[in-house]
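Presented below is the structure to which this report refers.
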Amino acid sequence: MAKAAVLGIGLIGGSLALCLKERTSLEVHGFDTSEESIRLAEAAGVIHRGHQSLESAVQGAEYIFLAVPVGTAPRLLDRLAELPLQTGCIISDVGSTKEEIVNYAEGFSQLGGTFIGGHPMAGSHRSGVQAAQSLLFENAYYVLTPLPETPLAEVQRLSGLLERATRARLVIMAPEHHDRVVGAISHLPHIVAAALVNQVAGYNASNEWFHRLAAGGFRDLTRVAASHPLMWRDILLSNRKAVLGLLQDWSDEMDEIRKAVAAGDHDQIESFFRRAKEAREGLPERRKGVILPAYELYVDVPDIPGVIGRVACLLGDKGVNLRNIGVMENREDRAGVLRLVFNTGAELEKAKRYLTESGYQVFDMES
Ligand SMILES: NC(=O)c1ccc[n+]([C@@H]2O[C@H](COP(=O)([O-])OP(=O)(O)OC[C@H]3O[C@@H](n4cnc5c(N)ncnc54)[C@H](O)[C@@H]3O)[C@@H](O)[C@H]2O)c1
Ligand SMILES: O=C(O)C(=O)C[C@]1(C(=O)O)C=C[C@@H](O)C=C1
Numbered sequence: 001m002a003k004a005a006v007l008g009i010g011l012i013g014g015s016l017a018l019c020l021k022e023r024t025s026l027e028v029h030g031f032d033t034s035e036e037s038i039r040l041a042e043a044a045g046v047i048h049r050g051h052q053s054l055e056s057a058v059q060g061a062e063y064i065f066l067a068v069p070v071g072t073a074p075r076l077l078d079r080l081a082e083l084p085l086q087t088g089c090i091i092s093d094v095g096s097t098k099e100e101i102v103n104y105a106e107g108f109s110q111l112g113g114t115f116i117g118g119h120p121m122a123g124s125h126r127s128g129v130q131a132a133q134s135l136l137f138e139n140a141y142y143v144l145t146p147l148p149e150t151p152l153a154e155v156q157r158l159s160g161l162l163e164r165a166t167r168a169r170l171v172i173m174a175p176e177h178h179d180r181v182v183g184a185i186s187h188l189p190h191i192v193a194a195a196l197v198n199q200v201a202g203y204n205a206s207n208e209w210f211h212r213l214a215a216g217g218f219r220d221l222t223r224v225a226a227s228h229p230l231m232w233r234d235i236l237l238s239n240r241k242a243v244l245g246l247l248q249d250w251s252d253e254m255d256e257i258r259k260a261v262a263a264g265d266h267d268q269i270e271s272f273f274r275r276a277k278e279a280r281e282g283l284p285e286r287r288k289g290v291i292l293p294a295y296e297l298y299v300d301v302p303d304i305p306g307v308i309g310r311v312a313c314l315l316g317d318k319g320v321n322l323r324n325i326g327v328m329e330n331r332e333d334r335a336g337v338l339r340l341v342f343n344t345g346a347e348l349e350k351a352k353r354y355l356t357e358s359g360y361q362v363f364d365m366e367s
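In structure tokens form, the structure reads like this:
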């Protein structure tokens, strides 16, 4: 039976292991530095088999997933580079930042497998294998960050497996683009939530009414402040450049509202909340348990090496989400060799326009 190895069987590693176990034929092996996590994962049927040795966990594995804190992942890659891995294996990760680990993996002259960065955009403030669940990623976005030179067939193999196992929507992005976007919608909000909780805890130290009166607003806004401190320390250090820029923008925004309140500027204050309300109400709906239709496009690409990066970057820069990308094996069956999958017809139309404007020959299902 083909084998997958999940390294780090916590919330995300455990959830991914469950997905692979329930929806693929892979035998799922787990490795963790915590013996307790291995024991719990085996007892709860999260993995087929647990290992206390990294070498035996990855031996013969076709897929290896790193699901450890982002500050630990490079050291784990160092150890993998020393081990004999299965020829043609794919190594991926689930870390919340991508540029650092992708650059690190690129620096190896001999890694024994193809590294493709990954990040499922779903999680929880809880941690550990006890919180793992096989529906965690359903319909969430799952970002892959291959390099332009990553063989297309390998990206297709991994995205196909993950799509089937997690039921997530696979998208492809450049690592630095990922880190800037995720910095704004995940890393900054975690800092703001923690800062708010710390500020109020300071007031509460001398007056307990601050915590007693905390109602829906405070609780909704600060749920993620209960997240794992070590995981978040690593994320901020890994995405330092993007986070520093975002913190500067955040203090500018705070300065502006502070000035408007100090000046008693009714219009400015109302407009601050009006802009936020409109933007919040305009967030795309999150749907659980619905299988989304796929919108497909075919692109004729004469030269395969590097093409995945060029096409993915072109669409990423224009804000178009690519759900999946793959090579058509038989060029006679269909005009065009690269298959692109989108979540909406509107995204497909945008992609068609941008690709055509950039000189690509594009065909859809009707062509
Ligand atoms: N929690 C989230 O919401 C979320 C969402 C998406 C991605 N991520 C990313 O997923 C990764 C894991 O996060 P998590 O929430 O599952 O954390 P977790 O604390 O639940 O699990 C991490 C596991 O890794 C193990 N571990 C640590 N160092 C190890 C090593 N050197 N070798 C083997 N195992 C080791 C720990 O014992 C633990 O079981 C992080 O990189 C995080 O950025 C987290
Ligand atoms: O739902 C939560 O508690 C999360 O924090 C999940 C969340 C996020 O949305 O910020 C956190 C980190 C990840 O890398 C991806 C998702």
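Residue numbering for the sequence shown is 1 to 367, as defined by full-length UniProt numbering. Using N, Cα and C, we set each Cβ at its ideal position, and we do this for glycine too.
TODO: Return yes when the Cβ of lysine 352 is within less than 9 Å of the Cβ of leucine 297, no when it is not.
DONE: Start at 1 with the first residue of the sequence shown, and residue 297 comes out as number 297. Start at 1 with the first residue of the sequence shown, and residue 352 comes out as number 352. Their beta carbons are under 9 Å apart, which means leucine 297 touches lysine 352 by this criterion.
Task: Residue nearest to residue 374 in terms of C-alpha spacing, selected from Leu7, Cys19 and Leu20 - done: The question about residue 374 has no answer here: the residues shown for the chain are numbered 1 through 367.
Open item on the list: Quick check: what's the CA-CA separation for aspartate 255 versus alanine 193?
Closed with: Numbered from 1 along the sequence shown, position 255 holds the residue referred to as residue 255. Numbered from 1 along the sequence shown, position 193 holds the residue referred to as residue 193. If you take the alpha carbons of aspartate 255 and alanine 193, they lie about 18 Å apart.
Open item on the list: Pop quiz: alanine 140 and valine 46 are said to be a contact at Cβ under 8 Å. What is the actual Cβ separation, rounded to whole angstroms?
Closed with: By 1-based counting over the sequence shown, the position of residue 140 is 140. By 1-based counting over the sequence shown, the position of residue 46 is 46. Incorrect: roughly 19 Å between the Cβ atoms, too far for contact.
Open item on the list: Whole angstroms are fine: how far does the CA of valine 362 sit from the CA of glycine 336?
Closed with: Along the sequence shown, read from residue 1 onward, the residue named residue 336 stands at position 336. Along the sequence shown, read from residue 1 onward, the residue named residue 362 stands at position 362. Reliability fails at glycine 336, whose pLDDT of 48 lies under 50, so the model's placement of it is uncertain and the value that follows must be treated cautiously. Looking at the two C-alpha atoms, the distance is approximately 7 Å.
- [ ] Look up asparagine 343 in the DSSP assignment and say whether it is helix, strand or coil.
- [x] Taking the first residue of the sequence shown as position 1, residue 343 is located at position 343. Correct three-state label for asparagine 343: coil.
Open item on the list: Less than 9 Å between the C-beta atoms of glutamate 163 and leucine 152, yes or no?
Closed with: Position 163 of the sequence shown, counting from 1, holds the residue named residue 163. Position 152 of the sequence shown, counting from 1, holds the residue named residue 152. No, they are not a contact pair.
TODO: Taking leucine 144 as part of the beta strand (DSSP E), name the residues at either end of that continuous run.
DONE: Here residue 144 is taken as the residue at index 144 of the sequence shown, counted from 1. From DSSP, the beta strand (DSSP E) with leucine 144 extends over 141-145.
- [ ] With hydrogens ignored, establish whether the beta-carbon of threonine 97 is closer than 8 Å to any heavy atom of ligand 1.
- [x] Locating residue 97 in the sequence shown gives position 97, counting from the first residue. Result yes, Cβ under 8 Å from ligand 1.
Task: Rounded C-alpha distance that separates alanine 168 from alanine 122 - done: Taking the first residue of the sequence shown as position 1, residue 168 is located at position 168. Taking the first residue of the sequence shown as position 1, residue 122 is located at position 122. Cα to Cα, alanine 168 sits roughly 9 Å from alanine 122.
Open item on the list: I need the boundaries of the beta strand (DSSP E) containing leucine 363, first residue and last residue.
Closed with: As a first step, residue 363 must be located in the sequence shown, where it is residue number 363. Here the sequence assigns phenylalanine to residue 363, which means leucine is not the residue at that position. Element bounds for phenylalanine 363: 361-364.
Open item on the list: ligand 2 and valine 224: does any heavy atom of the ligand fall closer than 8 Å to the residue's C-beta?
Closed with: Start at 1 with the first residue of the sequence shown, and residue 224 comes out as number 224. The answer is yes for valine 224.
- [ ] Rank Val155, Val102 and Cys19 by C-alpha distance to the C-alpha of leucine 135 and give the top, closest one.
- [x] Locating residue 135 in the sequence shown gives position 135, counting from the first residue. When each option's Cα is compared against that of leucine 135, the closest is Cys19.
Open item on the list: By the DSSP assignment, the beta strand (DSSP E) with alanine 4 in it spans what residues?
Closed with: Stepping through the sequence shown from its first residue, residue 4 is reached at position 4. That run of the beta strand (DSSP E) goes 3-7.
Task: Short Cβ contact (9 Å threshold) for alanine 214 with valine 224 - done: Translated into positions along the sequence shown, residue 214 becomes position 214. Translated into positions along the sequence shown, residue 224 becomes position 224. No, the Cβ-Cβ distance between alanine 214 and valine 224 is not below 9 Å.
TODO: Give the DSSP bridge partners of residue 382, in chain order.
DONE: Residue 382 lies beyond the range of the chain shown here (1 to 367); nothing can be said about it.
TODO: Compute the minimum distance between the beta carbon of glutamate 148 and the heavy atoms of ligand 1, and state whether it is under 8 Å.
DONE: Against the sequence shown, residue 148 aligns to sequence position 148. Residue 148 is actually proline in this sequence, not glutamate. Not so, every heavy atom of ligand 1 lies at least 8 Å from the Cβ.
Open item on the list: Our contact map puts threonine 97 next to valine 70 with C-beta atoms below 8 Å; I'd like the distance itself, whole angstroms only.
Closed with: Translated into the one-based positions of the sequence shown, residue 97 becomes position 97. Translated into the one-based positions of the sequence shown, residue 70 becomes position 70. Yes, threonine 97 and valine 70 are in contact; Cβ-Cβ is about 5 Å, under 8 Å.
- [ ] Quick one: grab the DSSP three-state call for valine 68.
- [x] Locating residue 68 in the sequence shown gives position 68, where the first residue counts as 1. DSSP places valine 68 in coil when its eight states are reduced to three.
TODO: Whole angstroms is fine: what's the gap from serine 53's alpha carbon to glutamate 253's?
DONE: On the sequence shown, residue 53 is found 53 positions in, with the first residue counted as 1. On the sequence shown, residue 253 is found 253 positions in, with the first residue counted as 1. Taking the straight line joining both Cα atoms gives about 50 Å.
Task: Sequence-distant residues of its chain with Cβ nearer than 7 Å to alanine 73 (five each side left out) - done: Along the sequence shown, one-based indexing puts residue 73 at 73. Answer for alanine 73: Leu66, Asp93, Gly95 and Ile101, listed in chain order.
Task: glycine 326, DSSP secondary structure in three states - done: Residue numbering aside, residue 326 sits at position 326 when the sequence shown is read from its first letter. Looking at glycine 326 - three-state DSSP - the assignment turns out to be strand.
Open item on the list: Taking the alpha carbon of proline 229 as the reference point, which residue from Thr33, Tyr360 and Ile191 has its own alpha carbon closest?
Closed with: Indexing the sequence shown from 1 puts residue 229 at position 229. That would be Ile191, whose Cα lies nearest to the Cα of proline 229.
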